[in-house]
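The structure under discussion appears below in the form of structure tokens.
Numbering (our numbering), first residue to last: 16 to 230.
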């Protein structure tokens, strides 16, 4: 009887080990499942500056943001107090880094600045733009059949020589996705970012031009 009981205990432990191993493999499989990747593009309709470029170094810092946006997942809000992420998809980079790249490309496309980039190796620049990203999400419509894409950010241009704020502005853009399918939501994100970035690029060049003009 003792030997039989021992076999039962051993068999039970082996089964538990196998089941535990299976659940671990399932968890690992879920973690390593590849996600579809989406990218946004800098707008092609940004204003192109005619004439000479502004001969100053301009740096775009990575935007600061809240924890729920500091991710590469595509956020969707069922309501104002709840944050979720679209399953099986992600952005090509974390949202703040992606926005930094989009702002850089938008400013480069204006042809208005001699140099625009991330923090240079020397650590010094003539002007820097600091941005806080407040919204970057899809918000479900009341009937749940579509979504409203909402992007908003506050930007401040700082002159590095005396750390004075040259200009500041809050940018907001909204676009409607007619369905909750991922491609429709991503396309609406691209339209919303296009409008916001065109406004941002125009404001940046205009503000720097005023700052460099003689008093």
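Here a beta-carbon is modelled for each residue, glycine too, at the ideal position from N, C-alpha and C.
DSSP beta-bridge partners of residue i
i: residue 147; result: 79 and 169
i: residue 185; result: 169
i: residue 72; result: 130
i: residue 94; result: 97
i: residue 152; result: 165
Residue burial classification, residue i (beta-carbon count within 10 angstroms, cutoff 16)
i: residue 91; result: buried
i: residue 127; result: buried
i: residue 84; result: buried
i: residue 190; result: buried
i: residue 161; result: buried
i: residue 69; result: buried
i: residue 192; result: buried
i: residue 188; result: buried
i: residue 219; result: buried
i: residue 96; result: exposed
Cutoff 6 Å; reference residue i; Cβ partners in own chain excluding five residues on either side
i: residue 185; result: 169
i: residue 88; result: 100 and 105
Beta-carbon contacts of residue i that lie in its chain and below 7 Å, excluding the five residues immediately before and after
i: residue 37; result: Any answer about residue 37 is weak, because its pLDDT of 46 lies below 50 and its placement is not dependable; what the coordinates show is given next. Cβ within range, chain order: n/a, list empty.
i: residue 120; result: 57
i: residue 156; result: 162 and 163
i: residue 39; result: Summary for residue 39: the model assigns pLDDT 42, below 50, so the residue's position carries little reliability; its value from the coordinates is reported in the next sentence. Closer than 7 Å at Cβ, skipping near neighbours: no residue.
i: residue 12; result: The structure shown does not extend to residue 12, since the chain is modelled only from 16 through 230, so no value can be given for it.
i: residue 125; result: 61, 62, 63, 64, 216 and 220
Sub-9 Å separation of residue i and residue j beta-carbons
i: residue 113; j: residue 54; result: yes
i: residue 74; j: residue 171; result: no
i: residue 57; j: residue 212; result: yes
i: residue 145; j: residue 166; result: no
i: residue 207; j: residue 62; result: no
i: residue 148; j: residue 80; result: yes
i: residue 76; j: residue 115; result: yes
Nonlocal neighbours in the same chain, by C-beta distance under 8 Å from residue i, ignoring five residues either side
i: residue 43; result: Confidence is the limiting factor: at residue 43 the pLDDT is only 40, short of 50, which leaves the residue's position unreliable and the question unanswerable from this model.
i: residue 129; result: 68, 69, 70, 71 and 72
i: residue 173; result: 142, 143, 144, 145, 179, 180 and 181
Integer-rounded CB distance, given that residue j should sit under 8 Å from residue i
i: residue 50; j: residue 142; result: With a Cβ gap of about 37 Å, residue 50 and residue 142 do not count as contacting.
i: residue 109; j: residue 86; result: 6 Å
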